[in-house]
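**Student:** Below are the structure tokens for one structure; questions will follow.
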Amino acid sequence: MLTNGIEFRRLDAPGSPVQVIRVDPTQVRFVVGYDPTAPRMLSAWAAQYSAVAAINGGFFNRAGEPVALLISNRQIIGQSYVEQGGMFAVDAEGRPHLWALAEQPYDGTVFEQAIQGWPLLVRSDGTAAYTDEDGQRARRSAIALDDQGRVLLIVAPAASFSLAEWSQFLATADLDLTIAVNLDGGSSSGLMAQSDHGNIRIDSFVPLPFALLVLPL
402 MLTNGIEFRR LDAPGSPVQV IRVDPTQVRF VVGYDPTAPR MLSAWAAQYS AVAAINGGFF
462 NRAGEPVALL ISNRQIIGQS YVEQGGMFAV DAEGRPHLWA LAEQPYDGTV FEQAIQGWPL
522 LVRSDGTAAY TDEDGQRARR SAIALDDQGR VLLIVAPAAS FSLAEWSQFL ATADLDLTIA
582 VNLDGGSSSG LMAQSDHGNI RIDSFVPLPF ALLVLPL
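In terms of my numbering, the sequence shown has 543 at position 142, counting the first letter as 1, and numbering is strictly consecutive.
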């Protein structure tokens, strides 16, 4: 365990181990940092907020705007995916939610924080959700929930997986996932954690206009 509510795992994978941070949502709070005018490396986002953990968010355009929906401190930015992808959101009580937008479209609810990703990787029944193999391997990032309601931040730091392989890997990994959604991969992928017991530093290769940050209560 890195710190209260934060656990770390490594999973064997081709090229480099997959890194997993497992978060107890009752012991932390989540914030989506957003600043398209001054994007920064994931390490800088984490340092700015004194975050105990951080991961990159979803896809964005050249202007630094999300290509899907993002909610930062109750401010809604962008438009929701329709009948595709998934949404991670935090309600007013600090409880995390993660769901497939094809099953539950976004209805305009103003959450405290939220990010959307594409594609869905693991269905609620634990099976792989994406099977369209294109053979394009890259660094990968994902956010997931397990059967105990914990939030998992997951990064493959090497270009080891296509999206279909990433989906299959997570569905069969020993993580007890109930759902997982892909985040922006490639040069955007990053995962950070810091505590008195150890540090994890997989920085993004490029500045990010937004990031998901895990803060102490």
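Glycine included, each C-beta is placed from N, C-alpha and C at the ideal position. Source: prediction; values computed, not measured.
Among D508, G416, Q485 and A559, whose alpha-carbon lies nearest the alpha-carbon of A344?
**Tutor:** Past the boundaries of the shown model lies residue 344; the chain is included only from 402 to 618, so the question cannot be answered.
**Student:** Among the candidates F431, V432, I456 and V429, whose CA atom is the shortest distance from the CA of M442?
**Tutor:** When only C-alpha atoms are compared, the closest one is I456.
**Student:** Beta-carbon separation of F611 and P467 under 8 angstroms?
**Tutor:** In this structure, P467 lies closer than 8 angstroms to F611 by Cβ.
**Student:** DSSP has V421 in a bridge; who is on the other side?
**Tutor:** Paired residue(s): R410 and I555.
**Student:** At 3 residues or longer, what runs of the beta strand (DSSP E) sit wholly inside the segment 498-563?
**Tutor:** Within the segment 498-563, the complete beta strand (DSSP E) runs of at least 3 residues are 514-518, 521-523, 539-547 and 552-562.
**Student:** Taking a contact to mean a Cβ-Cβ separation below 8 angstroms, would you say S561 touches Q537 in this structure?
**Tutor:** Not in contact: S561 and Q537 (Cβ atoms no closer than 8 angstroms).
**Student:** Kindly indicate which residue of A501, V491 and D508 has the alpha-carbon position closest to the one of Q480.
**Tutor:** The candidate whose alpha carbon is nearest that of Q480 is D508.
**Student:** Let's test the definition: count the other Cβ atoms within 10 Å of the Cβ of V483 and tell me whether it reaches 16, buried, or not, exposed.
**Tutor:** V483 is exposed by the Cβ-count criterion.
**Student:** Got a sec? Which residues, its chain only, sit under 6 angstroms from R410 by beta carbon, not counting five neighbours each side?
**Tutor:** The answer, listed in chain order, is V421.
**Student:** I want to know whether the segment 496-516 touches the segment 579-586 - three or more CB-CB distances under 8 angstroms.
**Tutor:** Result yes; three or more Cβ-Cβ pairs closer than 8 angstroms.
**Student:** Is there contact here, the segment 564-577 with the segment 515-530, by at least three beta-carbon pairs under 8 angstroms?
**Tutor:** Cβ pair count under 8 angstroms is three or more, so yes.
**Student:** For the beta strand (DSSP E) containing Q476, name the first residue and the last one.
**Tutor:** It spans Q476 to I478 - the beta strand (DSSP E) in which Q476 sits, taken as one unbroken run.
**Student:** Using a 10 Å radius around the Cβ and a threshold of 16 neighbouring Cβ atoms, would you call Q514 buried or exposed?
**Tutor:** That one is buried.
**Student:** Taking the C-alpha atoms as reference points, what is the distance between Y435 and S473?
**Tutor:** Looking at the two C-alpha atoms, the distance is approximately 7 angstroms.
**Student:** In this structure, does DSSP put L470 in helix, strand or coil?
**Tutor:** In the structure shown, L470 sits in coil (DSSP, three-state: anything other than H, G, I, E or B).
**Student:** Does the distance from the CB of I516 to the CB of L613 come in under 8 angstroms?
**Tutor:** Cβ distance < 8 angstroms, so I516 and L613 count as in contact.
**Student:** Please classify L618: is it buried, with 16 or more other beta-carbons within 10 angstroms of its beta-carbon, or exposed?
**Tutor:** By the neighbour-count rule (16 or more Cβ atoms within 10 Å), L618 is not buried but exposed.
**Student:** Mind checking whether L571 and I544 have CB atoms under 8 angstroms apart?
**Tutor:** For L571 and I544, no; Cβs fall outside 8 angstroms.
**Student:** Assign A490 to one of two classes, buried (16 or more other C-beta atoms within 10 Å of its C-beta) or exposed (fewer than that).
**Tutor:** Under this definition A490 is a buried residue.
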